[in-house]
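Only one structure is covered here, and it is reproduced in the block below.
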Amino acid sequence: MQKARNLLNEYSRDFTPPPQFLLPSEPPTLDEDAVGGTASDSVSSSLVPIDVIDIDITEPSTFPSARTQQKVSSRWENGVKVATPIKTYEPNLSSSRYLKKPLIWLRRNFEIALPLAKWSSGLIFDLATGKVVEREQVRANELLRVISGLGPAIIKGGQALASRPDLLPKVYLDELQKLQDDVPRFEDSTAFRIVKEELGVEFTELFEIIGDGPVAAASIGQVYKATLKATGETVAIKIQRPDCEETIALDLYILRWWSGIANILTQGILKRDVNVQSIIDDFGELIYREIDYVAEAANAQRFSEIYANLPISIFVPKIYSALTTSKVLTMEWVDGIRLTDTAALQQYGLDKEELVDSLVQCSLRQILDNGFFHADPHAGNMLATRDGRLCYLDFGMMGYASEEQRNGFLLAVVHMVNRDWNSLVVLYQKLGFIPMSEDATLIEEALEKALPDVLNADVSELNFKNVINKLGDVFYTFPFSLPPFYISIIRCLGVLEGLAIQVDPKFRIISDAYPYIASRLLTDSQADMQEALKRLALNKDGELRWDRLESLLEEAQSSAGYDVADAIDKLSDYLLRDEADALAQQLSEQVVELVDTLGNDTIEYVLNILKGFATNDERSLVLALRALQVQLGVATGQVGRSSDSQQMNDLMPEIPETLQRAGRIITLLTGGIETDEKSIAIYVQKYLPIFRKIANEPKFRKLGAEITAQLVDRLFSRTIRMTFGVKAGAESG
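Counting in numbering that gives the first Met the number 0, the sequence shown runs from 0 upward without gaps.
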């Protein structure tokens, strides 16, 4: 009792309003050699980069779990990408452990094996009678019921399988996605005992529980709402189920024990080259991260440090490290609103579509910018605060993708848009999805057959689930083995779109992601991204796809943080590289062709206007001049066509498409700058250094001279032809 009093007294004495600290102006990335966070004083989440771990609750000598902060920091040493648990999954240790306890594992083995064996016998019967396809839905539903009754670890395994289109056909994936953590709550007395064992102090000495029992229960733990007696702060306490790690370790051991027979079934009967043991080991590593709450605290800290300075407002609850161990997690309670609670969002004046868009944009930046991302953003893990910020609650399931993997994901999108199936297969081989020895021709044909139906749709109609389903058919048919990063991304984006559709039935994640992808392609100077931009903007003959370029520029403008000046600067840097010589030459030829065509069309357009002036009376001439002013506005995209005076429009010739497109692209490249003096000054300040750099580069000066010479030559030739009435292409006699 005296120990608890000392703890509470010191907590009250030392607690002060939390200061904040700013990280360097450049946000840290997880590709650094060492990504350890800087320790700070006690802090609370905000819009600036901060450390969400509260380390000043008690003196370390007073309270054993105050060492949690040191445990948290150590998780990020040596370039670790996702926090690792103190107790990692060790299958060999489990084997030696349970071989000494035959009665325990035999009893559990029987509980798992009997229902699974019964289900497997039905599948084998279907194979023998040729009714696999006919009975597929029935067997998938049976498997769902079997897994639902086998306990937390097996349910988690089933949920993981639901994101594996390379292992199971679509019907099974759809059924397993229905798996819920529908497990009974354990007794409050058991939860309080675990707190006493972990923190060394009675639960009631530290907390005053709010309400009757836990507010939520899941397969790994349950959550209580309580008040900290020392300060009166409201907290959420997540307490792990009793013997959770032992139960999971036993189930993994049994599943691994059966993996040999499972391999025979999948490889011999189903003709699937799958290593079941490897899949179980991957799942073991994943779930061991989830059951270590100190690792979760470390993930929360890192998430806050990296993403708190995004243009999108996010909130990460403060974690009380002195009250956190591997089995108990204490964090600040957040009174937020579910994103699916439309009435409550409206009550607080929050725009649900805007919140969903912010969630998607934040997730895209997590996946594609830093690679450290929340892999399970479902409705239960997300809240909106009353001031409109997005609050992330659970950091047990995090994913990481390296720079090469992130770039590969974007390249795959580009190859799909271009319908370049050969390049897509080569990329999949490079990323390790399929063996290099596999014949690519059949996979190319399968992709070409599977994807056009969904890719022919307008971007606004593209459904991520449909695309993955079509890809999944190919993944399942051929020997694909999806790496963990790709599985995490599929799960993340699939869950995101599912959540978003609950809020807005018309939502399509691909459409919402397109502006960000366009912005990345236009502003990223990495060779892979420049290659992706080249493939997207140029056709196979090296000719510029003006419609694609215009679309990219237009979409990128709607992406938060996009800067057209930065895009021009990065593109010029890329064109200076030796490997971009051929592209620079192609672009210069395209510029000559464009300017020549533009000039010719402009001259013809002006001549048509002058003819109109010569044949119209004075009143019509005034109308024509007014119409010309409107037409110029249309050409540059500043105004729409006049609907006030049909007569005015009738007096003017139609603007050539080349002029209209050039006007739109110029407007997009200048960011639609206003013509007032202040805006022009900002424009000059922004672009002048870039233009000076370009003008001072010998390579660009040489290209400029070549473009000028070719344009002068074409102008001279056209002048001669017009003077002597010679048609273009006519040969001399």
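Note that beta-carbon positions come from the ideal geometry of N, C-alpha and C, so glycine has one too. From a predicted model like this one, the values you see are computed outputs, not experimental measurements.
Here A235 is not near K228, since their CB atoms are 9 Å or more apart.
The Cβ-Cβ distance between E443 and L426 does not fall below 9 Å. According to the DSSP assignment, E207 belongs to the beta strand (DSSP E) that extends over 206-208. DSSP, read as helix, strand or coil, puts I260 in helix.
The C-alpha of Q300 lies about 48 Å from the C-alpha of S120. By the C-beta criterion, the region 485-493 is judged to be in contact with the region 162-178, since at least 3 inter-stretch pairs fall below 8 Å.
Pairwise C-beta distances place the region 283-303 in contact with the region 234-251, as three or more of them are shorter than 8 Å. Judged by beta-carbon spacing, G157 lies within the 9 Å limit of L178, meaning their Cβ atoms are closer than that value. Annotation: the continuous beta strand (DSSP E) that includes H373 extends over 371-373. The closest CA to that of V132, considering only S258, D419, K117, K169, is found on K169.
I236: not part of any alpha helix (DSSP H); member of the beta strand (DSSP E) spanning 233-239, first to last residue.
Remark: fewer than three beta-carbon pairs, one from each stretch, lie closer than 8 Å, so the region 336-350 and the region 290-298 are not flagged as touching. Residues A378, L382 of the same chain have their beta carbon placed closer than 7 Å to that of R337, with the five preceding and five following residues left out of the count.
Per DSSP, reduced to three states, the secondary structure at T476 is helical. By the CB criterion at 9 Å, K317 and I238 fall outside the cutoff. In this structure, DSSP gives F314 an extended state, which the three-state scheme calls strand.
Annotated three-state conformation of G220 is strand, per DSSP. Excluding the 5 residues flanking it on each side, N462 has same chain C-beta neighbours closer than 7 Å at R507, in chain order. When the five nearest sequence neighbours on each side are left out, the beta carbons in the same chain lying within less than 8 Å of the beta carbon of V473 are those of I442, A445, L446, A449, F479, in order along the chain. The beta carbon of V315 sits closer than 8 Å to the beta carbons of S44, V51, A299, F302, S303, A307, C390, Y391 from its chain, once the five residues preceding and following it are set aside; these are given in chain order. Excluding sequence positions up to five before and after R385, its CB lies within less than 6 Å of the CB of Y347, all in the same chain and listed in chain order. Linking F191 to Q501 through their CA atoms gives a straight-line distance of about 37 Å. When the alpha-carbon of T226 is set against those of G220, Y485, L205, the nearest one is in L205. DSSP places Y391 in the strand class (E or B) of the three-state scheme. Secondary structure within the region 138-166: not one fully enclosed beta strand (DSSP E) run of 3 or more consecutive residues is present. Excluding five sequence positions before and after I278, none of the CB atoms of its chain fall closer than 6 Å to its own CB. When the alpha-carbon of L142 is set against those of L122, T230, A321, F394, the nearest one is in L122. Here the alpha carbons of N369 and E402 stand approximately 8 Å from one another. Bounds of any beta strand (DSSP E) do not take in E295; it lies within the alpha helix (DSSP H) bounded by 292-306. For L328, the three-state secondary structure derived from DSSP is strand. By the neighbour-count criterion, in which a residue is buried when 16 or more other Cβ atoms sit within 10 angstroms of its Cβ, T323 is buried. For the region 327-358, the full-length beta strand (DSSP E) segments reaching 3 residues or more read 327-331 along the chain.
When secondary structure is reduced to three states using DSSP, L254 falls in the helix class. Around the C-beta of F484, 16 or more other C-beta atoms lie within 10 Å, and the residue is accordingly described as buried. Just measuring C-alpha positions, the residue of A512, D438, T233, L115 sitting nearest L367 is A512.
Annotated as distal: P376 and L254, with beta-carbon spacing of 9 Å or more.
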